[in-house]
Amino acid sequence: MVNLEILSLLIFFGLIGLYLLKNKKKITYNGGLIIIRWKRGKEILDVIANKFRKILPAVGILSILVGLFATFLGLYLIIQLSLRFEQAFGIALPSVSGVSYPAPIVGVPFWYWIIGIFTIVFVHESMHGIFARLDNVRIKSYGLMTFFVLPIGAFVDPDNKQIEKLSMLKKLRIFSAGSFINIVLGLLFLLLAVWLFSNLYEDKGVNFSETMKDLPAYNTGLNGTIHAINGQEIKTIQDLSEILNGIDPGTTIQITTSQGVYTIETASRPDGQPGSFIGIGSASTHVDIKDALAMYKFPLNWFYGLLLWLHILNFGVGIANMLPIKPLDGGLFYEEILKKYFGSRSKKIMKYISIAVALLFLFNIFGIPILKYFQ
4 MVNLEILSLL
14 IFFGLIGLYL
24 LKNKKKITYN
34 GGLIIIRWKR
44 GKEILDVIAN
54 KFRKILPAVG
64 ILSILVGLFA
74 TFLGLYLIIQ
84 LSLRFEQAFG
94 IALPSVSGVS
104 YPAPIVGVPF
114 WYWIIGIFTI
124 VFVHESMHGI
134 FARLDNVRIK
144 SYGLMTFFVL
154 PIGAFVDPDN
164 KQIEKLSMLK
174 KLRIFSAGSF
184 INIVLGLLFL
194 LLAVWLFSNL
204 YEDKGVNFSE
214 TMKDLPAYNT
224 GLNGTIHAIN
234 GQEIKTIQDL
244 SEILNGIDPG
254 TTIQITTSQG
264 VYTIETASRP
274 DGQPGSFIGI
284 GSASTHVDIK
294 DALAMYKFPL
304 NWFYGLLLWL
314 HILNFGVGIA
324 NMLPIKPLDG
334 GLFYEEILKK
344 YFGSRSKKIM
354 KYISIAVALL
364 FLFNIFGIPI
374 LKYFQ
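The opening residue of the sequence shown carries number 4 in the working numbering; numbering runs sequentially from there.
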């Protein structure tokens, strides 16, 4: 049987390859890195900058404040989680058919990754461009970057000489705008996912991943999602606990699961409290699509997963990009602040800050998985 995910991936790569062949004159090659530049369409940035000229300065101030918050949140997470030998960030790469990677790489389903990358870089770079045009900075070009036929990013190419002439406040607006919109979108995608979950999904039983040796569930081969005990419906783990707490040890009960009906004689609770124990471990409430929407289960589950990944990727990129590391936006942002107080020494100070934070960042991403491997 044809794997539709792999087939769609091959078609997608084929279309990208055809486009690259057709537009060879617009393309710059640098090893496997391919840069596609466009000049048409830049006027859209002018339209947006002019239409919202009155409110964009206020949005710019907000983006600076969010950028500062993002930096401190990012540093806090890296330091705190590193002290606990946990990762704050990972490297997100596309995965097909459930292929998993070793840490620190996080496998993202291919189409979630593609949609996420396009969403992240399009809004991120567009916001840089909009704030640049707000201050009449010329946009030389914009474009897309691919690694062979795999899209990996986009860019807006402003006139850096014109940016250098702007005030510190205007520069900070430009540098923080990309992360700001990523963080805002990340929060919006999370809110939408929460709304979707609360309105389209419901509790439908109890899952468990293990049975304890020589106890009732183990002895009878209990398997599947638990839906009822003696005809009493169970939707949550709380329902299961309440029903078992009302049954005396040694009572014979019938447990209905997704795999069938099991007759079990209950045991005493290990803590000595009243009620029965059946010996299941790692139990959790099973959540699934509402019965009325069962025919739409696949697309709704797929869309819900997409929203969660868009939240994770946008929020993660927004936070990481504001770390004070050059050439990230955060590095440029804090170099401008340092210039105000340290003048010509700011570049040297920023260099040391960048090295220190980069080493901490790399330790969190790569060092912790390596140390865990040898533990």
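Cβ atoms here follow ideal geometry from the backbone N, Cα and C, with glycine treated the same way.
By the Cβ neighbour-count rule, isoleucine 94 is exposed, with fewer than 16 other Cβ atoms within 10 Å of its own. The C-alpha of histidine 289 is placed about 17 Å away from the C-alpha of isoleucine 246. Under a 10 Å Cβ-count criterion, arginine 176 is classified as buried, with 16 or more other Cβ atoms of the shown protein chains found around its own Cβ. With contacts defined by Cβ atoms closer than 9 Å, threonine 255 and threonine 269 form a contacting pair. Apart from the 5 residues on each side of it in sequence, isoleucine 368 sits with its Cβ closer than 8 Å to the Cβ of Gln90, Phe92, Gly93, Ile94 and Pro107 in its chain, given in chain order.
For methionine 130, the closest alpha carbon among the candidates Leu316, Ile118, Ile67 and Lys164 is that of Ile67. Across the structure, glutamine 235 and serine 279 are spaced so that their CA atoms are roughly 16 Å apart. Boundaries of the beta strand (DSSP E) harbouring aspartate 206: 204 to 210, taken from the DSSP string. DSSP places proline 60 in the uninterrupted alpha helix (DSSP H) bounded by 59 to 86. For isoleucine 38, the closest of Phe158, Ser201 and Glu213 by C-alpha to C-alpha distance is Phe158. Comparing alpha-carbon positions, the option among Ala359, Asn233 and Gly189 lying closest to glycine 319 turns out to be Gly189. For glutamine 165, the three-state secondary structure derived from DSSP is helix. In the displayed model, lysine 29 falls within a helix according to three-state DSSP. The C-beta distance from alanine 73 to serine 182 rounds to 6 Å, short enough to fall under 8 Å. Here glutamine 241 carries a helix assignment [DSSP, helix/strand/coil]. In this structure, threonine 228 lies away from glycine 253, with their beta-carbon atoms at least 9 Å apart.
Aspartate 274 counts as exposed, since fewer than 16 other C-beta atoms from the protein chains shown sit within 10 angstroms of its C-beta. Taking all protein chains in view, the Cβ of glutamate 339 is crowded by 16 or more other Cβ atoms within 10 Å, so the residue is classified as buried.
Here the alpha carbons of leucine 374 and glycine 35 stand approximately 32 Å from one another.
Cα atoms of aspartate 206 and lysine 293: separation of roughly 9 Å, rounded to the nearest angstrom. Note on tyrosine 299: under 16 other CB atoms within 10 angstroms of its CB, so exposed under the neighbour-count rule. One thing to note: tyrosine 145 has its Cβ no nearer than 9 Å to the Cβ of aspartate 162. Per DSSP, reduced to three states, the secondary structure at alanine 95 is strand. It is roughly 43 Å from the alpha-carbon of proline 302 to the alpha-carbon of aspartate 138. For a cut-off of 8 Å, the C-beta gap from leucine 48 to glycine 132 is around 4 Å, short enough to register as a contact.
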